[in-house]
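So the sequence shown is numbered by this note's numbering: it starts at 225 and just counts up by one. Below you'll find the structure, written out as structure tokens, and then a few comments.
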Amino acid sequence: MSEPRLYIGKNRITDPLAGLSIELEKDERHYLFKVLRLKDDDEVMILDGVGNIFKSRVKGNHIILGERLDAKEPKLDLTLFQFLPKGDKLSDIVRMCTELGVKKFVLIYGERNYYGEVSPNKIKRWQRIAKEAAELAGRGVVPEILGPYKLFRLPDELFKGQIVVFWENSNQSIKDLFKSAISGNLSLFIGAEGGISLNEIEFLKSKGAYVLSLGERILRVQTASVVSCSIMFYLSNDIK
């Protein structure tokens, strides 16, 4: 059975040394004592959201911070640029791709996928899903969710490392591009239900993007996002 885990923001970990006492908030006490059924002196892994995990213990209404452990974050720093899909599909994408190791999500409005403004409450909900998925996966990092941005107005500083776009009309195989393990930063673009327009592909090419194929079959948005991220983590030797 895996160790229970709890996210506590770095701003509350004033001194990341063993022995630090952190008072639990109401929802955290409910989660630990009512949901997980922990008792005094039980062990719990504390995630700070920026790459650290601490082996800690419950003491009354406090957490006593323990030794820092290796968070085992992926070597590949993957940002998923996700064209916003219809409905609540993004919740599944955020959950599963966070579990895989995505470091950041950037939400995109494209020419074929504008379904109205996204409310701040939705962003908060997706961020909460990312936090819960990071806890479940035992990650030391909680991915940030940025945007939505219109594709043609994306800030240049968001493009990091190699840029890869999976597009249904591409004939270029992943195997043709990646001959050896990848590392560092990667910006991965995945379209929504209507796909990515030719204008958008040309724009991304102007930024240096490689336009690749995921194969002959048309995939659901959620499937395409999870498969694409899985492939990239496999190519970085994170999945063996």
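Where a beta carbon is used, it is the ideal one built from N, C-alpha and C, also for glycine.
C-beta contact flag for residue i and residue j at 8 Å
i	j	result
L244	L293	no
L308	A433	no
E335	S421	yes
V330	Y373	yes
K348	V366	no
W350	I332	no
Own chain residues within Cβ distance below 7 Å of residue i, not counting five before or after
i	result
F457	P298, L300, L324, G325 and I463
C321	L304, S449, V450 and C453
V282	L256, L262, D264, D265, D266 and V268
R253	N285
Own chain residues within Cβ distance below 6 Å of residue i, not counting five before or after
i	result
M225	Residue confidence for M225 is low, a pLDDT of 47 falling below 50, so the modelled location carries little weight; the figure read from the coordinates is stated next. Same-chain partners within the cutoff: there are none.
A295	G275, I277 and G364
I237	D272
S315	I353
N409	D301, K384 and G385
Nearest residue (CA-CA) to residue i, options the options
i	options	result
V268	N276, S280 and F257	S280
I317	G371, S407, I353 and N345	I353
E465	S397, W391, L410 and E440	This structure gives no information on residue 465, because the portion of the chain shown stretches from 225 to 464.
Q194	F383, S437, G371 and A361	Because the chain in this structure spans residues 225 to 464, residue 194 falls outside the shown range and cannot be described.
L459	I237, L260 and F402	F402
L378	I398, I232, H286 and Q306	Q306
G233	L260, E227, A358 and Y339	A358
K384	G362, S407 and S394	S407
S394	D312, K310, R444 and G439	G439
Beta-ladder partner(s) of residue i, from DSSP
i	result
Q386	L410
Sequence-distant residues of its chain with Cβ nearer than 8 Å to residue i (five each side left out)
i	result
H286	S245, I246, E247 and L248
- Item | Those runs of the beta strand (DSSP E) which lie wholly inside the region 269-345 and span at least 3 residues | 277-283, 286-288, 300-307 and 328-333
- Task: List in chain order: all unbroken alpha helix (DSSP H) runs of 4+ residues lying wholly within the region 341-381.
- Result: 344-361
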